[in-house]
Amino acid sequence: MRMKDHTSKNEKNDDSHETPGSPRNRKVSARWSPSESCKPIVDEAPIFYPTAEEFQDTIGYISSIRSMAEAYGICKIVPPQSWTPPCPLKDKKIWEKAKFSTRIQQVDLLQNREPMRKKLQRKRKRRRQFFSKPRRRARIENSESNTGSDPEEKFGFQTGSDFTLEEFERFADEFKLSYFDVKDRQEEKWFPSVEDIEGEYWRIIEQPTDEVEVYYGADLEAGTLGSGFPKKSSLLTDSKIDRYVESGWNLNNLSRLQGSVLSFEECDISGVVVPWLYIGMCFSSFCWHVEDHHLYSLNYLHWGDPKIWYGVPGSHASELEKAMRKHMPDLFEEQPDLLNQLVTQLSPSVVKSEGVPLYRVAQNSGEFVLTFPRAYHSGFNCGFNCAEAVNVAPVDWLQHGQSAVELYSAQCRKTSISHDKLLFAAARKAVQALSEIYFLNKENPENLRWKSVCGKNGILTEAIKKRVLLEEKRIEHLPKVTRLEKMERDFDSKTEKECLSCFYDLHLSAAYCNCSSDKFACIEHANLICGCDSDNRFVLVRYTIDEMNTLVKALEESMDAIKLWASEDIQLNGNTNEYDKEDRVKDYVSESTCSASDSKKEHKNNSEMNLNELSDEHRSKSQKNFAGCDNLIVNAGKFSEAKTEHLVPRNLGCSKLFGVDLCSSPLPNLQLNTSLKNENMEYSEVSQLDSDAEPRLGFCVEPINFGSVVGSGKLWCSKDVIFPKGYKSRVKFFDICNPMNMSNYISEILDAGLLGPLFKVSLEGHPDKNFVDASPEICWEKVVERLNKEIKRQRCLGEQGLPPLQPSGSINGLSMFGFRSPSIILAIEALDPRHNCTEYWENKLSTKKLLSTSTDSLGAERVFMETDLDAPEVDNLVVGSSDSLTNEKIRKVFRRLLNKANTEEMEIVHKILWEGSNSSLRRVAIDIVTEEILKSHK
Numbered sequence: 002m003r004m005k006d007h008t009s010k011n012e013k014n015d016d017s018h019e020t021p022g023s024p025r026n027r028k029v030s031a032r033w034s035p036s037e038s039c040k041p042i043v044d045e046a047p048i049f050y051p052t053a054e055e056f057q058d059t060i061g062y063i064s065s066i067r068s069m070a071e072a073y074g075i076c077k078i079v080p081p082q083s084w085t086p087p088c089p090l091k092d093k094k095i096w097e098k099a100k101f102s103t104r105i106q107q108v109d110l111l112q113n114r115e116p117m118r119k120k121l122q123r124k125r126k127r128r129r130q131f132f133s134k135p136r137r138r139a140r141i142e143n144s145e146s147n148t149g150s151d152p153e154e155k156f157g158f159q160t161g162s163d164f165t166l167e168e169f170e171r172f173a174d175e176f177k178l179s180y181f182d183v184k185d186r187q188e189e190k191w192f193p194s195v196e197d198i199e200g201e202y203w204r205i206i207e208q209p210t211d212e213v214e215v216y217y218g219a220d221l222e223a224g225t226l227g228s229g230f231p232k233k234s235s236l237l238t239d240s241k242i243d244r245y246v247e248s249g250w251n252l253n254n255l256s257r258l259q260g261s262v263l264s265f266e267e268c269d270i271s272g273v274v275v276p277w278l279y280i281g282m283c284f285s286s287f288c289w290h291v292e293d294h295h296l297y298s299l300n301y302l303h304w305g306d307p308k309i310w311y312g313v314p315g316s317h318a319s320e321l322e323k324a325m326r327k328h329m330p331d332l333f334e335e336q337p338d339l340l341n342q343l344v345t346q347l348s349p350s351v352v353k354s355e356g357v358p359l360y361r362v363a364q365n366s367g368e369f370v371l372t373f374p375r376a377y378h379s380g381f382n383c384g385f386n387c388a389e390a391v392n393v394a395p396v397d398w399l400q401h402g403q404s405a406v407e408l409y410s411a412q413c414r415k416t417s418i419s420h421d422k423l424l425f426a427a428a429r430k431a432v433q434a435l436s437e438i439y440f441l442n443k444e445n446p447e448n449l450r451w452k453s454v455c456g457k458n459g460i461l462t463e464a465i466k467k468r469v470l471l472e473e474k475r476i477e478h479l480p481k482v483t484r485l486e487k488m489e490r491d492f493d494s495k496t497e498k499e500c501l502s503c504f505y506d507l508h509l510s511a512a513y514c515n516c517s518s519d520k521f522a523c524i525e526h527a528n529l530i531c532g533c534d535s536d537n538r539f540v541l542v543r544y545t546i547d548e549m550n551t552l553v554k555a556l557e558e559s560m561d562a563i564k565l566w567a568s569e570d571i572q573l574n575g576n577t578n579e580y581d582k583e584d585r586v587k588d589y590v591s592e593s594t595c596s597a598s599d600s601k602k603e604h605k606n607n608s609e610m611n612l613n614e615l616s617d618e619h620r621s622k623s624q625k626n627f628a629g630c631d632n633l634i635v636n637a638g639k640f641s642e643a644k645t646e647h648l649v650p651r652n653l654g655c656s657k658l659f660g661v662d663l664c665s666s667p668l669p670n671l672q673l674n675t676s677l678k679n680e681n682m683e684y685s686e687v688s689q690l691d692s693d694a695e696p697r698l699g700f701c702v703e704p705i706n707f708g709s710v711v712g713s714g715k716l717w718c719s720k721d722v723i724f725p726k727g728y729k730s731r732v733k734f735f736d737i738c739n740p741m742n743m744s745n746y747i748s749e750i751l752d753a754g755l756l757g758p759l760f761k762v763s764l765e766g767h768p769d770k771n772f773v774d775a776s777p778e779i780c781w782e783k784v785v786e787r788l789n790k791e792i793k794r795q796r797c798l799g800e801q802g803l804p805p806l807q808p809s810g811s812i813n814g815l816s817m818f819g820f821r822s823p824s825i826i827l828a829i830e831a832l833d834p835r836h837n838c839t840e841y842w843e844n845k846l847s848t849k850k851l852l853s854t855s856t857d858s859l860g861a862e863r864v865f866m867e868t869d870l871d872a873p874e875v876d877n878l879v880v881g882s883s884d885s886l887t888n889e890k891i892r893k894v895f896r897r898l899l900n901k902a903n904t905e906e907m908e909i910v911h912k913i914l915w916e917g918s919n920s921s922l923r924r925v926a927i928d929i930v931t932e933e934i935l936k937s938h939k
């Protein structure tokens, strides 16, 4: 609009930063041109009218209409008539005294303008101050804006005057009356309709004839005027407003409602978690844009004239971008990130002509407008009004959020929130909910809401699965020499870490080099940190791939996996400790205690036993039955005992699960006698054959710590095995990192509180290579699975001399822990002199009776070990009569057996038979034969 100077050049006003030719200081001379109206013909977006009952659950209602509304990108929600929240902004002190800042918008240039470089060439006299949308990243002080050093490098909005609400209403009304010539029509009591204003607005955008500049109080932070909704800290104390203070539709509460992933965001990020206010006047505009991180947004119009919206479905976002680039090639060539600046309009008529679906909403006072993920939206105000908006993130947003951060990385664009932090926090919360439902029989609306997004095809499960797969692929592409470290728990708690190249958030993993420990990069840009060799670089990981895959299984509602993850405070990112190669058992922290110090005190007070505390009788029995192994590797063929050189990280973080550290650290009690520690290595399993006649190896299990028996709880024993808390053993097996070598694995039992024992197997020297499960068998199945995966990978690379793939069931998890070793069984049984593990001892007694009643038919030898403190020592109990066995009968039986065996199997049997009666090999063989006999009688 053309305006005349309203003040003299020497006159100063309160806004000295604004030029005398600004809108506030000029009279309106431009006028409405109704004959040239350009009102677009656009279909209306859906309108929803929730009942009072539906309106109670904000997130639930948004989720319920998603399937109907998301295809439009935008919709309107009209609250029940009874919902009329008071607006604190109308308080006299705020209305008349509190000031807010504005921007000057050149409405006629929002679509039709030249690139700035052309204006510079013409040396236009009029210079402006430009700026872009403020950063929302709240944690970073003095964050960079997108403004260039030259104020005319980019088109933007000039800083306007400061107003009170009272002053702005007066100015906005005066402008509207003058522009539409309302003063001259007072007798007719006429005012422009929404259709009149809409047609004129798009005429200004598409066919500008005059300069039209207006003010807009946009993106006003809560500290400026406050919120338009009542808050707990509000001066309003009337009990009638309490329902509005606590309501989920109060935008101060929305982002952090149960069911919104933003509830896990710790910081009050302005404009994302904390609402922004928008004070508008006629023609003030919000240009085409999507929300940060493609979040949902909810806008409420507190009072005033309508706000007109246009929305494009998120599924057609790229088509809108193409249309804008097509019609504004020069602007995008000059400023590729133009759409991020919120300074460009494109007429709905043009958008529709390009085949892009478009929908309209007219928002009135007291109504909400909801925008969906990646749905472009724009619009304008029909007059003086006040709106408030904030973001929200129901779980279905996660898939869109992942796409957003990948897009930001490709565009080298900074993020506002840590997507991975929110994603994994939501997953942990969901597992906790599943645990409450399945193990505590506790159901409530909150945990049922989380359960609804889990399962094999659940929205949350799919989001985690996709992220884990992406991370696994990136780690696989790292150079082989790259070392992985556990990330410190507080790695990004104070300051969010981002890639030095693409600004990707580094919550889940980060690469760095010793030469520049203050620089971090994402995995894909690890080579850009410095010029050092790859073997000098490290990659910090918050979770191992195994831990994340277990999380996926937990979300798929695998009971064992849920047990591993569910707790009051799941912490898989423990404090970083220097790695210690000594044989240690981790000092556990019980979830049921109040603090770590309390747990340690409880540890010292526990009545745990070690071999030194056993009676002389049982100690001598245990020592007598331990037989040393001459070699750590039995029948390993070409796989020698050569030591493998491991890359030991400088700092290794200790994973935690259920508050239990999964790495090694000293346990203050229950250490093995030195004499036993050097001698007691037991074969866990005699060599067997699979269907392809590939030999299973026999493995030596070295007990490190027998732990203590937990008398209460069925989970700490089965009918076949007692699981002592703190138990720890060592065994050699193919190295999952280098299968051509054999390495030590540490098997141990941890305390998961009410959920019972956790079984952990870790590669010694590589504590980040660990496998945790509620079952010892599954732990070792995971080891074999990882081993086979590595063998296949190295075969593809042409490596020679690799071992064969290990068939499923080739090793027994209980045996690898040592729970099939007679001497280890003796030692563990001695820890329970009062037979507190009822299920185990009852089964042992019934087994003994079964054997004693079947001696005639078995005709075999049975070793039965008694460990009751009150019973006499028994080494071997012969079952059956040797008189019933003749030489001829033995020959026939052995020939039938040996006819089915290959050469290696016969050599193993020969070796066992030549061993003395007290040898460990013979005892293992007898134990396995006994097991098979028992199975045949079931």
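For the sequence shown, our numbering assigns the number 2 to the initial residue and increments by one for each residue that follows.
All residues carry an ideal CB built from backbone N, CA and C; glycine is no exception.
Around the CB of residue 705, 16 or more other CB atoms lie within 10 Å, so the residue is classed as buried. Note on residue 734: 16 or more other CB atoms within 10 angstroms of its CB, so buried under the neighbour-count rule. Distance check between residue 421 and each of 294, 56, 50 places 294 closest, using alpha-carbon atoms only. One thing to note: residue 207 has its Cβ no nearer than 8 Å to the Cβ of residue 40.
By the C-beta density criterion, residue 897 is exposed, having fewer than 16 other C-beta atoms within 10 angstroms. Around residue 521, the same chain offers 498, 507, 511, 513 as residues with beta carbons nearer than 6 Å, after the five sequence neighbours per side are excluded. If only uninterrupted beta strand (DSSP E) runs of at least 3 residues are considered, those enclosed by the region 497 to 572 are 510 to 514, 517 to 522, 538 to 542.
It is roughly 43 Å from the alpha-carbon of residue 466 to the alpha-carbon of residue 842. According to the DSSP assignment, residue 403 belongs to the alpha helix (DSSP H) that extends over 399 to 411. About 7 Å separates the Cβ atoms of residue 77 and residue 46, confirming a contact at the 8 Å cut-off.
Note on geometry: alpha-carbon atoms of residue 58 and residue 82 lie some 17 Å from one another. Residue state for residue 825 is assigned as helix, using DSSP reduced to three classes. Residue pairing by DSSP places residue 309 opposite 363, 381 in a beta bridge. Secondary structure note for residue 486: its beta strand (DSSP E) is the uninterrupted segment 484 to 487. DSSP, reduced to helix, strand and coil, places residue 835 outside both helices and strands of the structure shown, so it counts as coil. Burial is judged here by how many other beta carbons sit within 10 angstroms of a residue's own beta carbon; residue 931 has at least 16 and is buried. 300 is the residue among 332, 325, 300, 837 whose C-alpha sits nearest the C-alpha of residue 387. Your pair residue 479 and residue 540 checks out as a contact, with CB atoms roughly 7 Å apart and the cut at 8 Å. Bridge pairing for residue 278: 221, 389 [DSSP]. Here residue 371 is near residue 297, since their CB atoms are less than 8 Å apart. As a beta-bridge residue in DSSP terms, residue 78 pairs with 49, 369.
Comparing C-alpha distances from residue 762 to each of 740, 730, 791 shows the shortest one belongs to 730. With the rule of 3 Cβ pairs closer than 8 Å, the region 335 to 353 does not count as touching the region 261 to 276.
Secondary-structure assignment with DSSP links residue 747 through a beta bridge to 731, 763. For residue 433, the enclosing alpha helix (DSSP H) stretches over residues 420 to 440.
In this structure residue 74 is in contact with residue 315, their Cβ atoms being roughly 6 Å apart against a cut-off of 8 Å. Taken through DSSP and simplified to helix, strand or coil, residue 290 comes out as strand.
For residue 323, the enclosing alpha helix (DSSP H) stretches over residues 318 to 328. Where residue 85 is concerned, there is no enclosing beta strand (DSSP E), because DSSP gives it neither an H nor an E. Under the criterion of beta carbons closer than 8 Å, residue 464 and residue 400 qualify as touching, at roughly 6 Å.
Between residue 891 and residue 723 the beta-carbon gap is near 36 Å, outside 8 Å, which marks them as no contact.
Just so you know, the alpha carbons of residue 225 and residue 477 end up roughly 49 Å apart. Separation of the CB atoms of residue 291 and residue 411 is rounded to 15 Å, and the pair is thereby denied contact status at 8 Å. Looking at the DSSP output, residue 726 shares a beta bridge with 709. For residue 274, the closest of 281, 282, 263 by C-alpha to C-alpha distance is 263.
If you draw a straight line from the Cα of residue 330 to the Cα of residue 281, it is about 30 Å long.
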